[in-house]
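To start, the structure itself, in structure tokens.
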Amino acid sequence: LEHRGFLPVPIIVTDPAVGNGGGVALAFFHRPPASAAAGEGGTPKMVTPDIYGGGAMRTSNGSEAYGVGASLHFDDDRWRYRGGVAKASFNLGFYTPGTVLPAQKIDYNMDGLMSFQQGFRRLGDRDLYVGLAWIYMDLDIGFDVASDRDRFQPHELSKRSSGLGLSLEYDSRDNPFTPSSGWLGMIEGNAYLPGIGSDASFQSYRGHAYGYWPMGKHFVLGGRADARWANGEIPFYRLPYIDLRGIGSARYQDTRAAVLESELRWNMTQRWALIGFVGAGRTWGRHNSFSDGASQVSKGAGVRYLIARQLGMHVGVDYAWGPEDDTFYIQVGSAWR
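Okay, so the sequence shown: first residue is 19 according to the numbering used here, each after it adds one.
Here it is as structure tokens:
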């Protein structure tokens with residue numbers, strides 16, 4: 019921040035879904051006016067800096083992406099904006115359910131434009147925000163084996179999805195980057211309809227809550243619950259999936275997905291910290307019920323360094339062990355999004 023608010027961020031990709039790779043991002047932080055919004059009950063609360071950023075990356079399996087985005091705050095944090103636009107080409111794998119025969123991987127490419135725009139309005143003096151969103155994707159889907167296309171229904175191969183969303187967010191965290199106390203929770207629903215540019219009609223929903231509890235002077239315990247579900251003519255690449263460190267993105271997908279995770283941070287010094295985490299997730303819906311589904315468990319450890327003291331932002335490395343892969347991740351701020 020002392021260098022005019024610019025923070026260069028190396029991008030190191032180690033997700034099993036796309037292979038290893040890297041890139042670079044540049045973030046610019048702009049401090050809000052000196053006045054700070056009060057939290058619920060009048061407690062002073064830091065207003066998050068405005069953040070502008072852009073970056074590009076490429077991985078070993080040929081996936082690549084570049085884009086720009088921003089997170090802005092107005093009128094003492096009474097209004098918020100989050101959004102971005104990206105052009106991407108991802109080489110991914112879709113896995114069959116594996117309920118009768120072993121799961122098979124279907125290799126495909128997803129290439130096109132993605133846009134996410136969201137605005138929030140604070141409700142009174144509470145830590146509560148109501149939000150509106152527009153999500154848009156215009157993608158070409160190609161398969162490594164042309165005949166794999168026949169495995170899907172026409173609506174599952176829809177190119178264009180355009181949806182409007184409504185959300186309610188509660189945010190009492192003491193710090194938006196590396197929290198030590200407070201809560202972040204949201205419920206949201208998005209409707210994708212032909213009348214607003216979508217090829218297929220479907221709905222997606224998400225509810226999540228992250229809690230942080232200080233334990234003495236040196237420890238912080240975090241907990242996460244996250245559930246996602248979808249209904250209607252869902253494109254196969256938009257199905258909910260288990261989102262955990264140690265499990266490749268979209269490895270386990272279905273119309274329902276849920277995750278529980280905990281993390282313990284030990285602040286060894288003013289700058290350095292160690293963390294440990296464990297989580298479990300499950301998918302169900304199309305081919306099995308919740309009780310018939312199998313839980314996927316991952317665990318790991320990491321190290322953190324306080325790189326931006328004025329923001330309370332830590333960066334670091336995590337190493338995670340999943341049911342099929344183990345890998346490391348570069349983290350900027352919290353690992354929970």
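Virtual Cβ for every residue (Gly too), placed ideally from N, Cα, C.
Check, Outcome
"Residues that DSSP places opposite M233 in a beta bridge", "F237"
"Proximity below 8 Å, CB of A106 to CB of G72", "no"
"Host beta strand (DSSP E) of K317 (start-end)", "Q314 to A326"
"Anticipated Cβ contact below 8 Å, I124 with F92, distance rounded", "Wrong, their Cβ atoms sit about 45 Å apart, outside the cutoff."
"Given G234 as reference, the closest of S190, R283, P28 and R169 once Cα atoms are compared", "R283"
"Cutoff 7 Å; reference G266; Cβ partners in own chain excluding five residues on either side", "D33, P34, A35 and D343"
"Completely contained beta strand (DSSP E) runs for the region 178-243, where each covers 3 or more residues", "178-189, 200-210 and 220-233"
"Cβ shell of G37 (< 8 Å), same chain only, five flanking positions each side left out", "V31, T77, S78, N79 and S81"
"Contact between the region 174-182 and the region 151-161 (3+ Cβ pairs under 8 Å)", "yes"
"Backbone secondary structure at G71 - three-state DSSP", "strand"
"Alpha-carbon spacing of Y70 relative to S89, whole angstroms", "7 Å"
"Unbroken beta strand (DSSP E) run spanning R100, endpoints", "W97 to Y113"
"Same chain, Cβ closer than 6 Å to A52, neighbours up to 5 away in sequence not counted", "Below a pLDDT of 50, predicted positions are generally treated as unreliable, and A52, at 49, falls in that range; the measurement from the model is reported next regardless. Excluding sequence neighbours, A52 sits near nothing in its chain."
"Inter-stretch contact (C-beta, 8 Å, three-pair minimum) for the region 326-340 and the region 203-211", "no"
"Assumed close pair Y84, A104 - CB separation to whole angstroms, cut-off 8 Å", "7 Å"
"Where F254 falls: helix, strand or coil (DSSP)", "helix"
"Proximal residues to R49 (C-beta, below 6 Å), its chain only, five neighbours per side dropped", "P67"
"Beta-carbon gap between Y230 and R269 smaller than 8 Å", "no"
"Distance between L131 and P253 (C-alpha atoms, nearest Å)", "16 Å"
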